[in-house]
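J.:
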Amino acid sequence: MSALLETRALRKVFPLRLGLTSRVSLVAADDVSVEIERGRTLALVGESGSGKTTVGRCILRLDEPTAGEVLLDGEPVTGLRPAQLRRMRREMQMVFQDPLDSLNPRHSVGELVAEPLMLHGTVPRAQIRAELEDLFRMVGLGPQHIDRLPHQLSGGQQQRVGIARALAPRPKLVVLDEPTSALDVSVQAQIINLLRDLQAERGLTFLFISHDLAVVNLIAHRVAVMYLGQVVELGTTEVVLERPAHPYTRALLAAVPVDHPGQTRERIVMRGEPTSPIDPPDYCHLVPRCPFALPLCSEVASELVEVLPGHATRCVRYQREHVNGSWAPER
Amino acid sequence: MSAAALDTRPALAPRRLARAGRFVRANPVTSVGFAIIGLLIAIALLAPLIAPYGSDQLDASSVLSPPSSTHLFGTGTYGEDIFSRVLYGARYDLLIGFAAVAIGLTLGCSLGAIAGFFADPVDEIIMRVMDMISAFPAFVLAMGIAGALGPSLRNLIVAIALVNVPVYARLMRGSFLVVKRSQYATAAVGVGAPPWRILRWHLLPNTWSPIFVQATLQFGYAILDAAGLSFIGLGIRVPTPEWGVMVSLGIEQVITGQWWVSFFPGLAIAIAVMGFNLVGDGLRDLLDPRRS
Amino acid sequence: MAAILEVSGLTAAFPTPAGPARVLDGVNFQVQDGEILGIVGESGSGKTLTALSVLGLLPAAARVLGGEIVYRGSNLLALDRRAMNRVRGEQMAMIFQNPRSSLNPLYRVETTLAQVLRTHRRLRGDEARRVEIELLADVGLSDPARVLRRFPHELSGGMCQRVMIAYAIASNPRLLIADEPTTALDVTVQLQIIELLARLRQEHGLTLVLITHNLSVVAELCDRVLVMYLGRIVEEAPVLEIFDRPRHPYTVGLLGSRPSVHAGGSLRTIPGQVPDPRERPRGCAFHTRCAFAQELCATDAPLPETVGDNHVVECHFWRELA
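Right, here's the structure in full:
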């Protein structure tokens, strides 16, 4: 198996107590089974409440999954005891969304990037400084930045530090949680180029969490679209963005603002707001809002089914009605 | 092309004196506070050298005499020189302040850190115990502890320290709850740091700031508590030149017109408390790493 | 069309230990009645501060060093506080980036809305109620009566933004300034808000100034665009012109650094980052990052030159670069 990362039916539920007696379950992620090949990037795409960040955190066990398994290079990550887990962390790192908040304000950025090196003993003490200079240079910073405090750097520089820290222990997998959302457009472009270069040079494997389909288009090989905790579509970037197989993906694409004032795009209106993630039904979660919903959709359990090689969707209608990847329903 | 970071460190550390001068100009109020505390510490250390008389020295010929050139602050009921006793008193009150705060802070912060870091059920247990302690008015509780232990300097310090433990515990726990949620705390878990390292290296340095501020303010209260307890006889015994005791000794004399016996020690208390309060106000800004 | 707002020579600075940091450096532009004007820039461009200056909401520490802001004949900078309050309520309104933190969490929607109606339109009681429901329906909220009873934290991000827009238009302003109104929202909600703003311009004749760093939102909504860098407007043109024939290297860089859903390839980036306003470069503010900078650019600040129809740019070498 060449998949570096594999999740099987990953599920995360938060028990909530409303009032004194009623208990409900908030399903943040459900039945998430994805794979990432070595050296490739899988994007988890969705809006707020989709569960994409939850999945990223569960994979790294920064939150504990309620059910399901995570395998890194064939080795189970779920089920490890704390000390084993800490050792395993060397292989899987995270880059966070808010660059400033993810760096401890009381320590220099050099100390923060050196921490994984010291914790895992990958580099002898005497060589840590040299290693830091290498890492900083790799992400486009200079040795003069090593002793700075986080707030003394710009947003883009802070995020580069975050990337350096994630790459310091030479992990197999890097999870990036909206790494460019908090940055200016031109800085975002620099970071995206940096990530692409690093992946090409070092064969890194990325799980890229984002709500921005344009960024995903540039950096991901495969895309998993998430809605209310479930993966609703899974396939290569090109196919998912050009020939989407799920109404939600189509709606997301339709909502992306145009690149140029002269362009028009398909208009898909999804009524209302996302439904509640509390005690969700068995059938497709999009039914209350989907412009293509039929009575059938509320009667059948929705499963992620591979409809074409390497392309899976949860849409029941698509599964039944598509002809060789084409589906043109009336509203 | 300059890589224009938002703040650049100077290549050489500027001379200390110049920095001190800038500090005073930028923080006049806090500087006054530091000056007062510095003065008090100096007085406490140098008391034997600068006090004109011994703290127990009695001059039977000038009992209850008003301030004069020979007795700057006048004399008390037994002919003791108030000025010298105020100077020596600095030793006791500063000691009480520092010791009570140090003990209370250490104990309180440890409990608060444990409560905040480990959350329920440890959190519940510790905080409810803290609630029980703070259900008593602080001074009443101190009275109770000091009364039970017996009047002495050591017991006075213990009583004041214990009474203030919940304050620190609550502050520290609150700080911990906040920093626990930060992304850098999550990042620390992510790089594989074990819990003790996270607590010590990542979280603790970010929780100190409100504690220090509170500690300097508490210092003032500690002195007041000590003065109060000694005043009612539960603290230090009479001949010891502690400011609170001195105030209590002079109370009856105020009615008969010899105001100086209570006034000067009282003034000393007020100045000391003010000094610490002024420092406390400015301390939070000073401790913010963003001001480096 | 007449210009309802004219800003000329607006200059503002923040005092810092290292001397005043000039954050607005001679900003000049006009807003035509009924148009949607986009102000585009990144951090440090001064776009938000420009908007706050117009509304008289600059932070207390900022100092306006010069310039005029003329709204329908009166210089806003010369007004006293009471007069400015009236303008702010009845003529102009502003909506902000993070809707949930811009709404007072202690009050229900109806309470704040009623206050606006009472102050600026002298409405009370049943009539106010009727108008409140109308407003919420106008901004696209279904079941306005229920939303009125809600607290901000009970509403989603999109709903909060709609509520904020409702507050803003409640007093029937002529000019609405929107500062990054869609940045904090999900993309499907963003689209709804964009359509709402377009519709409001259509139906209410509202003039809209849209501040954003997102050029795609500008492409969707704006008639004309100003591009700002380090406190100056470096390019100004109708929206099609800006996208088809950008003349300033910074504008070109911004357009080129946008990822697209349908096109691939590497992104062209602008090297370096925005300088600190305390270390403003001499000459052309952009020259430190400009691939085409010449000696002249480091010494002389370029003046605005007309490039085409309503198209103005501040660059010494725009002809050579075209």
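Residue numbers (this note's numbering), protein chains in the order written: chain Z, 1 to 331; chain U, 1001 to 1292; chain A, 2001 to 2322. We treat Cβ as the ideally placed atom computed from N, Cα and C, and that holds for glycine.
1. What would DSSP say about U:Asp1081, mapped onto helix, strand or coil?
2. Run through DSSP, which three-state label would A:Ala2178 get?
3. Please check if any C-beta of chain Z sits within less than 8 Å of the C-beta of A:Val2316.
4. Considering Z:Lys52, what are the terminal residues of the beta strand (DSSP E) in which it resides?
5. To test your reading of the DSSP string, which unbroken alpha helix (DSSP H) runs of 4 or more residues are found completely within the stretch 1084-1110 of chain U?
6. The stretch 2120-2146 of chain A: which residues have C-beta closer than 9 Å to a C-beta of chain Z, in chain order?
7. Would you give the residue range spanned by the alpha helix (DSSP H) that A:Ser2101 belongs to?
8. Would you decide whether Z:Ser102 is buried or exposed? Buried here means 16 or more other CB atoms lie within 10 Å of its CB.
9. Just to confirm, are U:Pro1052 and U:Asp1081 a CB contact at a threshold of 8 Å?
10. Do Z:Asn217 and Z:Thr249 have their CB atoms nearer than 8 Å?
11. Drop a sphere of 10 angstroms on the beta-carbon of A:Gly2253, count the other beta-carbons inside from all chains shown, and report buried for 16 or more, exposed for fewer.
12. Leaving out five residues before and five after A:Leu2065 in sequence, what residues of the same chain have Cβ atoms less than 7 Å from its Cβ?
13. What residues in the stretch 2242-2261 of chain A have a beta carbon less than 7 Å from any beta carbon of chain Z?
14. Going by the CB atoms, is the gap between Z:Gln144 and Z:Pro99 shorter than 8 Å?
15. From the DSSP secondary-structure annotation, give me the bridge partner or partners of Z:Leu18.
16. Which residues does DSSP pair with A:Ser2008 in a beta bridge?
17. Under 8 Å: do the stretch 1253-1262 of chain U and the stretch 1158-1177 of chain U share three or more Cβ pairs, one atom per stretch?
18. Taking the alpha carbon of U:Ile1036 as the reference point, which residue from U:Ala1270, U:Thr1070, U:Leu1287 and U:Ala1148 has its own alpha carbon closest?
19. At the level of alpha carbons, what is the spacing between U:Leu1234 and U:Thr1240?
20. When the cut-off is 8 Å and only beta carbons count, does Z:Phe96 lie next to chain U?
21. Quick one: is Z:Ile209 near chain A, going by C-beta distance under 8 Å?
22. Please decide whether U:Gly1174 counts as near chain Z, where near means a Cβ-Cβ distance under 8 Å.
23. Compute the Euclidean distance between the alpha carbons of A:Arg2280 and A:Val2234, then round it to the nearest angstrom.
24. How many Å lie between A:Thr2269 and A:Ser2260 at the Cα?
25. Please list the partners that U:Thr1207 has in chain Z, where partner means a Cβ-to-Cβ separation under 8 Å.
26. Kindly indicate which residue of Z:Leu85, Z:Val269 and Z:Val187 has the alpha-carbon position closest to the one of A:Gln2190.
27. In or out: U:Ala1013 buried (at least 16 other Cβ within 10 Å) or exposed?
28. Have a look at U:Gly1112 and U:Val1167 and give me their C-alpha separation to the nearest angstrom.
29. Please confirm whether Z:Lys12 has its beta-carbon closer than 8 Å to some beta-carbon of chain U.
30. Taking Z:Leu72 as the reference, give the member of Z:Ile191, Z:Leu195 and Z:Leu173 with the closest Cα.
31. How is Z:Met92 classed by DSSP in three states: helix, strand or coil?
32. Run through chain U and tell me which residues come within less than 7 Å of Z:Leu62, C-beta to C-beta.
33. Assuming Z:Ala43 contacts Z:Ala220 under a Cβ cut-off of 8 Å, what Cβ separation, rounded to an integer in Å, is found between them?
34. Would the beta-carbon of A:Ile2039 fall within 8 Å of that of A:Ser2053?
35. Using the beta-carbon of each residue, which ones in chain U are nearer than 9 Å to Z:Gln159?
36. Check for me: the beta strand (DSSP E) holding A:Arg2232 runs from which residue to which?
T.: With the structure as the only source:
1. strand
2. strand
3. It should be pointed out that residue 2316 of chain A corresponds to His in this sequence rather than to Val. Nearest CB-CB separation between A:His2316 and chain Z: not below the 8 Å threshold.
4. Looking at the DSSP string, Z:Lys52 is not in any beta strand (DSSP E); the run it does join, the alpha helix (DSSP H), is Lys52 to Ile59.
5. none
6. For the stretch 2120-2146 of chain A, the set of positions with a beta-carbon nearer than 9 Å to some beta-carbon of chain Z reads Ser2142 in chain order.
7. Pro2099 to Ser2102
8. buried
9. yes
10. Cβ distance not < 8 Å, so Z:Asn217 and Z:Thr249 don't count as in contact.
11. Its Cβ being crowded by 16 or more others within 10 Å, A:Gly2253 is buried.
12. Result list for A:Leu2065: Thr2011, Ala2012 and Ala2013, in chain order.
13. In summary, the residues of the stretch 2242-2261 of chain A whose CB is separated from some CB of chain Z by less than 7 Å are Phe2243, Gly2253, Leu2254, Ser2257, Arg2258, Pro2259, Ser2260 and Val2261, in the order they occur in the chain.
14. no
15. Z:Ser22
16. A:Glu2068
17. Judged by Cβ distances under 8 Å, the stretch 1253-1262 of chain U makes no contact with the stretch 1158-1177 of chain U, as fewer than three pairs qualify.
18. Restricting attention to U:Ala1270, U:Thr1070, U:Leu1287 and U:Ala1148, the CA atom closest to the CA of U:Ile1036 is found in U:Ala1270.
19. 13 Å
20. yes
21. Chain A, which has no Cβ nearer than 8 Å to the Cβ of Z:Ile209, makes this no.
22. Chain Z, which has no Cβ nearer than 8 Å to the Cβ of U:Gly1174, makes this no.
23. 15 Å
24. 14 Å
25. By Cβ distance, chain Z contributes nothing, its closest Cβ being about 10 Å from U:Thr1207, past 8 Å.
26. Z:Val269
27. Any reading at U:Ala1013 must be qualified, since the residue scores a pLDDT of 47, below 50, and its modelled position is unreliable; no value is offered.
28. 9 Å
29. no
30. Z:Leu173
31. The three-state reading of DSSP puts Z:Met92 in strand, counting E and B together.
32. Thr1186, Val1189 and Gly1190
33. With a beta-carbon spacing of about 4 Å, Z:Ala43 and Z:Ala220 fall inside the 8 Å limit used to define contacts.
34. no
35. What Z:Gln159 touches in chain U: nothing, since even the nearest Cβ is about 12 Å away.
36. Arg2232 to Pro2238
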